[in-house]
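**Student:** Have a look at this one before I ask anything.
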Amino acid sequence: MESRLLTIKEASEYLRISRATLYNLMKENRLTTIKIGKRTLFDIKNLDEFIEDSKKAAS
């Protein structure tokens, strides 16, 4: 079963960006994160929405 929640490492690999870029996007509140305890996770659906929004902004 594939997890719907991704770690920071997995999210950066999914988006094919560096961890530093991912942290910058988080700091700019462009990505929605989920905090569970001390862990920061990303819902894959939110990452897909970010991709779609980025495609629209580029057009």
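In terms of numbering that gives the first Met the number 0, the sequence shown opens at residue 0 and continues consecutively. Glycine residues also receive a C-beta, built at the ideal position from the N, C-alpha and C atoms. Keep in mind the model is a prediction, meaning the values are calculated, not measured.
With a Cβ-Cβ cutoff of 8 Å, do Leu5 and Leu40 count as a contact?
**Tutor:** As a working note, residue 5 is residue 6 in the sequence shown. As a working note, residue 40 is residue 41 in the sequence shown. Result yes, Cβ atoms of Leu5 and Leu40 sit closer than 8 Å.
**Student:** Is the separation between the beta-carbon of Ser17 and that of Ser11 shorter than 8 Å?
**Tutor:** Within the sequence shown, numbered from 1, the residue matching residue 17 stands at position 18. Within the sequence shown, numbered from 1, the residue matching residue 11 stands at position 12. Yes, Cβ-Cβ distance for Ser17 and Ser11 is below 8 Å.
**Student:** Quick one: give me the first and last residue of the beta strand (DSSP E) that Ile35 is part of.
**Tutor:** One-based indexing of the sequence shown puts residue 35 at position 36. Note, Ile35: beta strand (DSSP E), 33–35.
**Student:** So Arg38 is in the alpha helix (DSSP H); what residue range does that whole segment cover?
**Tutor:** Position 39 of the sequence shown holds residue 38. Unbroken run through Arg38 is the beta strand (DSSP E), 38–42; no alpha helix (DSSP H).
**Student:** CB Asp42 to CB Ile50, shorter than 8 Å?
**Tutor:** On the sequence shown, residue 42 is found 43 positions in, with the first residue counted as 1. On the sequence shown, residue 50 is found 51 positions in, with the first residue counted as 1. For Asp42 and Ile50, no; Cβs fall outside 8 Å.
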